[in-house]
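For reference, the structure discussed in these notes is given below.
Numbering (our numbering), first residue to last: 7 to 697.
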């Protein structure tokens with residue numbers, strides 16, 4: 007056996023050199039014989055030990071201390087399978103499928119002279135994907151030059167970067183077979199969201215999409231989320247993320263300093279996420295989407311912009327969202343494969359109608375004459391009589407401005423029932439103007455009581471409905487207080503516009519620029535005042551009033567069910583991995599406080615709107631009103647510089663109300679000609695599906 011040499015720096019000298027070069031006063035007696043040899047060996051070994059301890063303490067102490075605290079155990083995470091999203095019958099709207107993911111070690115990018123561009127370009131060529139798409143994924147979201155999420159990498163900077171998802175396994179195999187050419191590249195199967203589209207249902211704006219967890223998610227998750235988890239970013243995926251995500255498994259193992267596992271200390275199996283069971287009926291959802299797409303296409307064929315549209319079907323007895331569609335729509339599967347910057351820009355492009363925006367809950371429109379179901383009880387609260395007669399003249403002059411009927415002609419003296427049936431604006435102008443004067447007119451203080459605003463607020467206008475889908479708009483309920491606050495906030499900019507005008511608008515539209523400048527001059531001086539024009543416009547759903555289609559569906563549900571406001575709910579319950587469903591109870595959020603006889607009066611009038619002589623009678627010709635009577639109201643909202651917004655809101659059957667259906671088409675021009683036929687077709691589907 008070879009003799010092991012003592013380590014360098016151990017402090018052991020060769021025999022015979024121990025005292026070389028030293029000055030001594032006296033020479034000690036040197037041991038002799040066996041005892042002397044043993045003593046020399048002991049001294050040498052002791053010196054070796056002392057020197058080695060010194061080396062450990064002085065040179066490697068910090069490193070070994072760090073290792074001692076970090077190499078003893080490791081935690082291995084096993085990710086839970088995300089729950090599904092199901093329709094009311096159990097048909098999967100969102101499910102899971104395994105996809106091939108290509109990852110890249112960040113250290114390889116940092117070590118490369120070109121930042122890793124050549125490597126990523128080579129990988130892109132093998133995968134048959136654009137370089138820009140893969141390169142975007144190498145950039146941490148929020149860093150300089152990074153595209154918007156989710157096109158960038160929103161995960162932890164300490165884990166491999168998933169640069170491509172949904173890769174062809176054969177192409178991925180090519181990468182693995184050439185590790186010397188593709189250093190730092192990994193390939194692994196990974197569960198990903200899939201969208202079976204039962205009956206052709208899309209429902210993207212309700213379902214939402216997921217993306218890999220970011221730093222903020224990790225911090226908020228307090229250990230429940232790691233960098234390889236996905237989290238919901240919109241829709242039900244975001245609202246019920248914690249339930250869908252489940253609980254990751256964790257195995258703690260002991261390892262030695264070489265990194266070799268020596269034993270398993272503890273193990274916890276992953277718990278799959280719960281399924282979200284919805285109220286959605288995939289069949290009706292698909293037909294609603296098809297009706298909306300056909301309506302938009304038909305309007306455009308007639309030369310109308312029809313740039314956006316929405317449809318909502320609510321169960322008036324509990325607020326369940328049975329179907330809801332937004333147009334333009336998008337394929338939620340585009341996020342599964344790792345969306346590119348170009349694709350993300352298309353989904354946010356105004357020229358394409360911003361498909362990512364939900365017109366169901368996130369965009370507002372003037373409700374126009376559909377709002378008159380609120381104005382009737384508001385007028386009664388102000389002193390108008392249900393049995394009274396009111397002048398439906400062709401026009402009315404208020405505050406020096408002429409207000410005309412928009413959807414109807416003059417009918418002379420009529421009652422409120424007929425005013426709703428023919429949608430006479432001038433009747434409501436007179437009612438609102440009388441109430442405004444009784445409140446004190448332009449001299450009334452901001453807090454003056456206004457029955458029109460109070461009634462609208464009671465119906466939920468001006469606040470979110472509370473639907474279980476994130477990103478809902480509250481809309482806008484203008485009144486004296488709101489106008490004063492808005493004027494205070496915008497006065498500086500308004501007065502500047504009063505001085506400078508709108509030269510950028512004048513380049514293409516001088517008439518509009520003149521109008522806007524005149525409006526700015528007026529608002530700069532006294533924009534805080536709630537004028538007569540504000541009051542009369544409010545009564546017919548115009549002016550600064552803005553609502554979402556979902557809010558109007560909630561209003562018509564309350565009209566139909568006798569005054570109860572139900573929180574719209576997409577999810578019906580959560581189904582645990584074992585199969586048991588925990589229902590989500592319907593939530594009553596209030597009552598409108600309108601006398602029962604007034605609501606009954608409004609319902610009776612709306613029932614005549616869909617019959618011959620009503621403003622939507624033509625659209626409902628041939629519908630089986632004898633066995634399934636439907637009530638509704640048209641609306642045609644004027645928008646300056648654009649075509650009017652087309653509305654129709656309805657509920658049925660009137661004998662025992664079950665569903666409220668609302669359709670709105672931006673720049674669709676006519677509620678009776680564009681929106682009403684769409685609602686009719688949705689009720690046709692409800693009947694054919696026997697819902």
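Note that beta-carbon positions come from the ideal geometry of N, C-alpha and C, so glycine has one too.
Per DSSP, residue 572 is one residue of the beta strand (DSSP E) stretching across 570-572. Closest in alpha carbon position to residue 339, among 281, 213, 261, 463, is 213. Taking C-alpha positions only, residue 501 is separated from residue 646 by approximately 21 Å. Counting only unbroken stretches of 4 or more residues, the alpha helix (DSSP H) elements lying wholly within the region 292-376 are 347-353, in sequence order. Annotation for residue 199: the continuous beta strand (DSSP E) segment containing it runs 191-200. For residue 680, the closest of 309, 292, 355, 507 by C-alpha to C-alpha distance is 309.
Counted as a single uninterrupted DSSP element, the stretch harbouring residue 256 is not any alpha helix (DSSP H) but the beta strand (DSSP E) occupying residues 255-261.
Taking a 10 Å sphere around the C-beta of residue 313, we find 16 or more other C-beta atoms and assign the residue as buried. In this structure, DSSP gives residue 467 a state outside helix and strand, which the three-state scheme calls coil. Runs of beta strand (DSSP E) with 3 or more residues, each lying fully within the region 93-140, are found at 98-110, listed in chain order.
For the 7 Å CB-CB criterion, residue 666 and residue 654 do not form a contact.
Counting only the Cα atoms, residue 478 lies some 20 Å from residue 282. Straight-line spacing of the CA atoms in residue 346 and residue 610 works out to 53 Å. Across the structure, residue 520 and residue 649 are spaced so that their CA atoms are roughly 19 Å apart.
Considering only 198, 432, 279, the residue with the shortest C-alpha distance to residue 582 is 279. A Cβ-Cβ distance of about 11 Å is found for the pair residue 692 and residue 297, leaving them out of contact under the 8 Å criterion. Counting of Cβ neighbours within 10 angstroms places residue 365 among the buried residues, the total reaching 16 or more. The closest CA to that of residue 108, considering only 131, 178, 651, is found on 178. With a threshold of 16 other beta carbon atoms within 10 Å, residue 188 meets it and is buried. Cβ contact annotation for residue 522 (same chain, cutoff 7 Å, sequence separation greater than five): 508, 511, in chain order.
DSSP places residue 494 in the uninterrupted alpha helix (DSSP H) bounded by 486-506.
The shortest C-alpha to C-alpha distance from residue 559 to any of 639, 533, 224 is the one to 639. The beta carbon of residue 334 sits closer than 6 Å to those of 359, 361, all from its chain and outside the five residues before and after it, given in chain order. Each of 170, 154, 195, 83 was checked against the Cα of residue 103, and the nearest Cα belongs to 195. With contacts defined by Cβ atoms closer than 7 Å, residue 86 and residue 253 form a contacting pair. In the three-state DSSP reduction, residue 595 falls in the strand class (E or B).
Going by C-alpha positions, residue 403 is about 27 Å away from residue 673. The alpha-carbon of residue 633 is positioned some 13 Å away from that of residue 663.
A straight line joining the alpha-carbon of residue 544 with that of residue 482 spans about 11 Å. Straight-line spacing of the CA atoms in residue 176 and residue 554 works out to 48 Å.
Uninterrupted alpha helix (DSSP H) stretches at least 4 residues long and entirely within the region 428-456 occur at 431-444, given in chain order. Three or more beta-carbon pairs separated by less than 8 Å are not found between the region 202-210 and the region 127-134, which leaves the two stretches without contact. Relative to the Cα of residue 262, the nearest Cα in the group 78, 306, 422 belongs to 78. Cβ neighbours of residue 152 within its own chain (closer than 7 Å, five residues either side excluded): 145, 146, 158. For the 7 Å CB-CB criterion, residue 320 and residue 89 do not form a contact. Just so you know, the alpha carbons of residue 613 and residue 660 end up roughly 7 Å apart.
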